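Asker: One structure is given below, represented as structure tokens, and several questions about it will come after.
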Ligand SMILES: NC(=O)c1ccc[n+]([C@@H]2O[C@H](COP(=O)([O-])OP(=O)(O)OC[C@H]3O[C@@H](n4cnc5c(N)ncnc54)[C@H](O)[C@@H]3O)[C@@H](O)[C@H]2O)c1
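Residue numbers (my numbering): 1054 to 1366.
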């Protein structure tokens, strides 16, 4: 089937496209920056056209050219900060709406979009319990507010036009080439793999880690499904404090220099206890253990640097 991936050349997009192509789907990507170099120089494997998701004409023209049966939007102001509200609002809110509207006008059968765990806000709002997709959202950053509005707008399109639109709320996606969004967990693995010291503020800060290949698989399954049962799915992941992650890394790299400014941080953590049973049950999703993924990240980085691989503990 034909699939249009908008935001195709970032961190997640190329991995999603490679999986779709491997399953025999006819994929076209659209991105403001179509020629971005993929990590490890692995080709994306599908044509990527230049288009700006904030320009309705670009999205509509691409939908009419590609005539996709499925459309996914990954283009977003991730890590764009809170300092540029107008530009980021155009990308996050207008861009997402352009995708929904062009899909509606172009008769695209199914749309998938990336929301985020950020919608939930701090874990402290929920105490020590797991948070599910029906819980109230407490996010207050501009990024979180935009994701909350995207979810609202998706519900509108579903209700008013009977469209099939599904959101996935990824947790803290991790991988060797992540440069936007939460990157403290990436620094711990990547800088240590390169033999560089890492210093971070809070040892106890919690993250809910999901490897980029795992979230790419989640998006692939949700996108290719004919009729997902729910409008929203938490990706879930593996909860870990930065201190615990540092210990895992030291298990592979005993000389790693990872230090923290203070012991605490757990109380200030974003949502990290997440119920993702909806996704697991319906799509048969399981994640490899954190040690496995950490070792992979370390060795991918070391290979890029021309350093010898490290072996299991
Ligand atoms: N990476 C994470 O940890 C994480 C966590 C939760 C949610 N998400 C969500 O998943 C999605 C994808 O994340 P990612 O990490 O791949 O992001 P990314 O920033 O690496 O990729 C986004 C892509 O969108 C493109 N883009 C930016 N502005 C554009 C425009 N105006 N028109 C067309 N393309 C444009 C960029 O060139 C880039 O290739 C985003 O919606 C993000 O909010 C990511």
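Note that beta-carbon positions come from the ideal geometry of N, C-alpha and C, so glycine has one too. Just so we're clear, the structure is a prediction, and the values are computed from it rather than from any experiment.
Taking only runs that begin and end inside the segment 1091-1128, name each unbroken beta strand (DSSP E) of 3 or more residues, in chain order.
Answerer: Qualifying beta strand (DSSP E) stretches, in chain order: 1101-1103, 1123-1126.
Asker: With DSSP run on the structure shown, which of helix, strand or coil describes residue 1223?
Answerer: Here residue 1223 corresponds to residue number 170 of the chain shown, with the count starting at 1. Residue 1223 falls in the strand class under three-state DSSP.
Asker: Answer with buried or exposed for residue 1107, where buried requires no fewer than 16 other C-beta atoms within 10 angstroms of its C-beta.
Answerer: To locate residue 1107, count along the chain shown from 1; it is residue 54. The residue in question, residue 1107, is buried, as its Cβ has 16 or more Cβ neighbours within 10 Å.
Asker: At a cut-off of 7 Å, would you count residue 1151 as near ligand 1, judging by its Cβ distance to the nearest heavy atom?
Answerer: Working through the chain shown from its first residue, we reach residue 1151 at position 98. Residue 1151: no, Cβ never under 7 Å from ligand 1.
Asker: Report the rounded CA-to-CA distance for residue 1357 versus residue 1245, giving the unit in angstroms.
Answerer: What you label residue 1357 is simply residue 304 of the chain shown in a count that begins at 1. What you label residue 1245 is simply residue 192 of the chain shown in a count that begins at 1. Cα-Cα distance, rounded: 14 Å.
Asker: Under 8 Å by Cβ, that's how I've got residue 1065 and residue 1226 pegged, so tell me the actual separation to the nearest angstrom.
Answerer: Position 12 of the chain shown holds residue 1065. Position 173 of the chain shown holds residue 1226. About 7 Å; that satisfies the 8 Å criterion.
Asker: Among 1340, 1072, 1360, 1109, which residue has its Cα nearest to the Cα of residue 1290?
Answerer: Translated into the one-based positions of the chain shown, residue 1290 becomes position 237. Answer by Cα proximity: 1340.
Asker: Within 7 Å: the Cβ of residue 1174 and any heavy atom of ligand 1?
Answerer: Position 121 of the chain shown holds residue 1174. Because no heavy atom of ligand 1 lies under 7 Å away, the Cβ of residue 1174 does not count as near it: no.
Asker: What does a CB cutoff of less than 7 Å around residue 1178 pick up in its chain, not counting 5 residues either side in sequence?
Answerer: Stepping through the chain shown from its first residue, residue 1178 is reached at position 125. Closer than 7 Å at the Cβ level, and outside the excluded window around residue 1178, lie 1191.
Asker: How many whole angstroms separate the CB atoms of residue 1376 and residue 1355, which I take to be in contact at a CB cut-off of 8 Å?
Answerer: A query on residue 1376 cannot be resolved here, the shown segment of the chain reaching from 1054 to 1366 and no further.
Asker: Residue 1287 lies in the beta strand (DSSP E); which residues open and close that run?
Answerer: Within the chain shown, the letter at position 234 stands for residue 1287. Here the beta strand (DSSP E) through residue 1287 covers 1285-1289.
Asker: For a quick check, are the C-beta atoms of residue 1111 and residue 1130 less than 8 Å apart?
Answerer: Numbered from its first residue, the chain shown carries residue 1111 at position 58. Numbered from its first residue, the chain shown carries residue 1130 at position 77. Contact: no.
Asker: Kindly confirm or deny that the segment 1079-1093 and the segment 1054-1064 touch, where touching means at least three C-beta pairs closer than 8 Å.
Answerer: They touch, by the three-pair rule.
Asker: Per the DSSP calculation, residue 1055 is bridged to which residue(s)?
Answerer: Walking along the chain shown from the start, residue 1055 turns up at place 2. 1079, per the DSSP bridge assignment.
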